[in-house]
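See structure below.
Number of protein chains: 2
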Amino acid sequence: MARKNATIYDIAKLAKTSTATVSRVLSNSGYPVKEELRQRVLEAAKKLNYTPNLLGRQLKTKETRDIAVIIPNISNPFYPSIVLGVEDAAREKGYNVLLCDSYRNPQLEIAYLNSMAKKQVRGIIISSISQNQRFLKELVSRGFNIVAFDQNVTFPCNRISFDYVKGGFLATEHLIKLGHKKIAFISAPLTRASRKGVFEGYLKALKHYKLDVNKELILINDKEQEINNEIYEYENGIELVKRFLKIKDMPTAIFAVNDMTAIGVIQGLKSFGVKVPDDVSVVGFDNIFISEMIEPPLTTIEQPKYEMGKLAATLLIDRLQNEGDKKYIEINMSPTLIIRKSTKPL
Amino acid sequence: MARKNATIYDIAKLAKTSTATVSRVLSNSGYPVKEELRQRVLEAAKKLNYTPNLLGRQLKTKETRDIAVIIPNISNPFYPSIVLGVEDAAREKGYNVLLCDSYRNPQLEIAYLNSMAKKQVRGIIISSISQNQRFLKELVSRGFNIVAFDQNVTFPCNRISFDYVKGGFLATEHLIKLGHKKIAFISAPLTRASRKGVFEGYLKALKHYKLDVNKELILINDKEQEINNEIYEYENGIELVKRFLKIKDMPTAIFAVNDMTAIGVIQGLKSFGVKVPDDVSVVGFDNIFISEMIEPPLTTIEQPKYEMGKLAATLLIDRLQNEGDKKYIEINMSPTLIIRKSTKPL
DNA sequence: GTGAAAGCGCTAACAC
DNA sequence: GTGTTAGCGCTTTCAC
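Chains as they are written, first to last, in UniProt numbering: chain A, 1 to 346; chain B, 1 to 346.
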C-alpha cells in the first residue's frame with residue numbers, strides 16, 4: 001500500500017548483517033542476538049521506516065492471524081454485539097477478523113466460505129443457513145476449524161449453543177406466574193432452529209402448568225421473510241396484531257418470538273388503543289438494546305450476545321493449538337429473564 | 001486451515017505439465033492454453049481438491065484483495081449500515097473487508113492502522129478520532145490509500161463527507177416553519193465535528209429566520225461520553241430533559257443532536273407526562289432504523305449510511321487504479337428531512 | 001552468535 | 001503454446 005517498502009534485505013544491508021539475523025530480532029523470535037547487533041538492526045529498521053510484510057511470514061510459516069465471521073446481516077441488531085465479542089477476543093490473541101454478510105443466501109455463504117479458505121484464515125465462526133449443512137459438514141470433516149452458533153447443526157462440530165427452549169419456557173412461565181391463562185404466541189414462520197426452540201419452550205411451559213394449548217392463540221405468519229429486510233420482524237408483529245385482535249375473548253398476554261416482533265406487536269397494539277401492559281402483557285426474546293428504549297420497556301429473555309461472540313472466538317483460537325483433535329466442544333449458554341415494564345400481573 | 005493442501009506443483013505433476021501452465025489456467029489469466037491441456041489441469045485440480053493459496057499469489061503480485069474499515073464501535077447503531085455498504089461494494093469488486101473497532105481509543109486505532117499496513121491491505125476506510133490526525137496525515141502522505149468519513153480531517157485526503165450544518169439547518173427550519181419559536185437544542189458535548197456541525201446548522205437557521213438565540217435553550221452536557229457505552233446518548237437525552245423542564249416558559253420544540261439522544265428525550269418527556277408532539281415537538285438526526293419503531297415515530301434527518309459506506313469502498317478501490325495520483329477526491333452527501341409523527345404545527 | 005541458502009505457493013519473464 | 005526459472009519477503013535449518 002505504501003510505495004516501495006523496505007524489506008529485511010534492505011535492513012541487513014544497512015546494518016551490515018544477514019537477513020537471518022534481522023528476521024531474528026524483528027520477529028521477536030527469542031533467538032539470541034548480541035545486544036549491539038540487535039540495536040544496529042533496530043536502528044536500521046527505524047531509519048528505513050520498515051513495515052514487516054506479513055504475507056512473507058505467513059507464506060513461510062503457513063499461519064495467518066485471521067479468522068472470519070459469517071453472519072446473515074450486520075444491520076440486524078442481533079449481530080453487532082456478537083461480532084464485537086468476536087473481534088475483542090480475536091484482538092486479545094493477536095488475530096484480525098474478516099466480516100462476511102451472507103444475507104442468508106446459500107450461494108453467497110458458500111462463496112464466502114471458499115474465499116476464506118483461499119485466504120488461509122485460521123478458522124471461521126458462522127451462523128449458517130440450513131441449506132448449507134452438507135457443505136459445512138464436509139468442510140468440518142476436511143479439518144476446517146469452524147465454530148457454529150445461532151443455528152442447529154446436525155453434525156459434530158464446535159459450537160456455541162443457546163437454550164432457546166428454556167428461554168421460551170422462562171418467558172411463558174413468567175406470564176403464567178403473573179396469572180395469565182390465555183397467552184398468544186406471535187412469530188414469523190418457524191423456519192429457523194431458534195424460532196422452533198422458542199415455540200417449543202412456549203408449549204412446554206403451557207403443558208407444565210397444565211394450560212390448554214389453544215391453536216387459535218398461535219399466530220404464526222406463513223409468509224417467509226424477505227431477504228435483507230431487517231424490519232420484517234417488526235412489521236410482522238404489527239401485522240399479526242390484527243389477527244390477534246380478532247380473537248374472541250381476547251388473550252391477556254402475548255409472547256413474541258423475538259424483540260423486533262415484540263416491538264412491532266406493542267406498536268400495533270397501541271395503534272388500536274390497546275394498552276401495554278394494562279390490557280395486554282407482552283414479552284419478547286433476545287434483549288437487543290432497543291428493547292429498553294421503547295415504551296414500555298420490554299420484558300424479555302436475555303441472550304448473552306457479546307459473550308457468545310467472545311466465547312466463539314476464544315474457542316476457535318484455542319482449538320488451533322490441538323489441530324488434529326477430533327473432539328468437538330459445545331458450549332451451551334443459558335437464557336435469563338429480564339423483567340421490565342411490558343408485563344404485569346393479571 | 002485444511003491438512004496438507006495440494007499446490008500447483010502437485011497438479012502439474014498429476015496433469016503432466018508445468019506449474020506455469022497450471023497457474024495460467026487456474027488463475028484465469030487469459031493466457032492461451034490448448035483446450036485439451038486445460039481440461040487435464042482442471043481435472044487434476046478437482047481430483048486433488050485444490051484450493052489456491054492466495055498468500056502465494058499475493059506475495060508475488062504484491063496485491064492483496066483486502067480493505068479495512070475502522071470505526072468506533074459496530075454496536076453503535078449508526079455503523080452497521082455503513083459497514084454493510086462497504087462490504088457490498090467490496091464484494092462486488094472482489095475484495096474482502098477486515099473489521100476494526102477502535103472504541104475511540106487513539107492507541108487502539110493506531111495499532112489497527114499499523115496492523116493493517118503489515119497485512120498489506122489495499123486501503124483503509126476510517127472514521128478516525130481527532131487526536132490521531134497527525135498520524136493519519138502521515139500515512140496519507142506516505143501514499144497509503146485512505147478514505148475518511150464521519151469526521152473532519154484537516155488535511156488533503158479522499159473522503160466521504162456529510163453536510164451536518166445543512167442537516168442541522170433543515171431540522172431547525174422544519175420546526176420554525178411549523179410555527180415554533182422557542183426551540184431547544186439538546187446534545188452531548190460538542191467534541192465531534194458532527195455535533196459541532198449540527199449545532200452550527202441550528203444557529204444558522206435561527207439567525208436566518210430572525211429568531212433569538214437563547215442560551216438558556218441550549219442544553220449541552222459537559223460530561224464526556226464514557227468509552228464503549230452505546231447507550232450514553234440515550235441516557236444523556238433523558239438527563240437533559242430534566243434541565244429542559246426547568247426552563248420557565250417552556251419551549252415548544254426540541255432539536256436533539258442525534259436519534260439516540262432524541263429517543264432518550266422522548267422517553268424522558270413521557271416520564272414526566274409531557275406529550276410528544278402535542279406538548280413538545282422533537283426532531284432527531286441520523287435516521288437510525290429504530291427511530292421509526294418508537295412512539296411516536298421520530299422526525300429526523302436522514303444520513304445515507306449504506307450509500308456512504310458503499311461510496312467509500314467504491315472510491316477507495318477505484319483509487320487503486322491510479323495509485324500515484326495526488327488529487328484527492330471528496331464526495332459530499334446531502335441530508336434529507338424525514339417527517340414523521342414527533343413534530344407538529346404549534 | 002551469525003550467515004548462507006533453501007523454500008513456503010505462486011506468477012511472470014523469458015526461452016524455446 | 002509450453003516449460004524453465006527467478007523471485008515476491010520472510011523464516012529456519014544447517015554449518016561454521
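Ideal Cβ placement from N, Cα and C applies to all residues, glycine included. Quantities reported herein were computed from a predicted structural model and do not represent experimental measurements.
- The three-state reading of DSSP puts Arg142 (chain A) in coil, since its state is none of H, G, I, E or B.
- Counting C-beta atoms within 10 angstroms of its own C-beta, His208 (chain A) has fewer than 16 neighbours from the protein chains shown and is therefore classed as exposed.
- For Arg159 (chain A), the enclosing beta strand (DSSP E) covers residues 158-162.
- Following the DSSP letters along the chain, one finds Met333 (chain A) in no alpha helix (DSSP H) but inside the beta strand (DSSP E) bounded by residues 330-333.
- In terms of beta-carbon proximity, Phe289 (chain B) lines the interface with chain A, with at least one pair separated by less than 9 Å.
- Chain order gives the chain B residues near Thr51 (chain A) as Ala117, Lys118, where near means a beta carbon separation below 7 Å.
- Ranked by Cα distance from Leu206 (chain B), the first of B:Leu219, B:Lys182, B:Arg195 is B:Lys182.
- Residues of chain A whose Cβ lies closer than 7 Å to the Cβ of Gly56 (chain B) are, in chain order, Leu59.
- Contact between Glu224 (chain B) and Met260 (chain B) fails: their C-beta atoms lie close to 16 Å from each other, not under 8 Å.
- In this structure, the CA atom of Gln39 (chain A) is about 12 Å from the CA atom of Ile11 (chain A).
- At a cut-off of 9 Å between beta-carbon atoms, Pro156 (chain B) makes no contact with chain A.
- Of all C-beta pairs linking the stretch 306-326 of chain B to the stretch 70-86 of chain B, three or more are shorter than 8 Å, placing the two stretches in contact.
- Going by DSSP, Glu63 (chain A) is part of no alpha helix (DSSP H) at all; its letter is neither H nor E.
- Uninterrupted beta strand (DSSP E) stretches at least 3 residues long and entirely within the stretch 177-252 of chain B occur at 183-187, 218-220, given in chain order.
- Neighbours of Leu217 (chain B) in chain A, taken as residues whose beta carbon is under 8 Å from its own, are absent, since the nearest beta carbon is some 25 Å off.
- DSSP places Val276 (chain B) outside any beta strand (DSSP E), giving it a letter other than H or E.
- Under the three-state reduction of DSSP, Ile339 (chain A) is assigned to coil, being neither helix nor strand.
- Between Val69 (chain A) and Cys100 (chain A), the gap from beta carbon to beta carbon is short of 9 Å.
- Per DSSP, the unbroken beta strand (DSSP E) holding Thr300 (chain B) starts and ends at 300-302.
- Straight through space, the alpha carbons of Leu108 (chain A) and Asn49 (chain B) are spaced by roughly 20 Å.
- DSSP assignment within the stretch 51-135 of chain B yields the following whole beta strand (DSSP E) runs of 3 residues or more, N-terminal first: 66-71, 96-101, 123-126.
- At a beta-carbon threshold of 9 Å, the residues of chain B lying near Asn96 (chain A) are Ala68, Leu98, Leu99, Cys100, Tyr112, Ser115, Met116, Lys119, ordered along the chain.
- For Leu217 (chain A), same chain residues with a beta-carbon under 8 Å away, outside a window of 5 residues either side, are Lys182, Ile183, Ala184, Phe185, Ile247, Pro251 in chain order.
- Within a 10 Å sphere around the beta-carbon of Gln151 (chain B) sit 16 or more other beta-carbons, which makes this residue buried.
- Contact check for Ile125 (chain B) against Val147 (chain B) passes: the beta carbons are separated by less than 9 Å.
- Looking at the DSSP output, Asp286 (chain B) shares a beta bridge with B:Glu302.
- Between Phe162 (chain B) and Tyr202 (chain B), the gap from beta carbon to beta carbon reaches 9 Å or more.
- The closest CA to that of His180 (chain A), considering only A:Tyr95, A:Val121, A:Ser281, A:Ser115, is found on A:Ser281.
- Nearest C-alpha to Arg159 (chain A) among A:Lys341, A:Ile339, A:Arg340, A:Met333: A:Met333.
- When the beta-carbon positions are compared, Asn73 (chain A) and Tyr103 (chain A) come within less than 9 Å of each other.
- Taking the Cα positions, Leu178 (chain A) is about 19 Å away from Glu302 (chain A).
- For Val282 (chain A), the closest Cβ of chain B is not nearer than 9 Å.
- Closest in alpha carbon position to Asn105 (chain B), among B:Ala262, B:Pro32, B:Ser127, is B:Ser127.
- In this model, Val22 (chain B) and Ile8 (chain B) are separated by some 6 Å (Cα to Cα).
- Judged by DSSP in its simplified three-state form, Ala262 (chain A) adopts helix.
- Among the residues of chain A, none has a CB under 7 Å from the CB of Gln133 (chain B); the nearest is roughly 19 Å distant.
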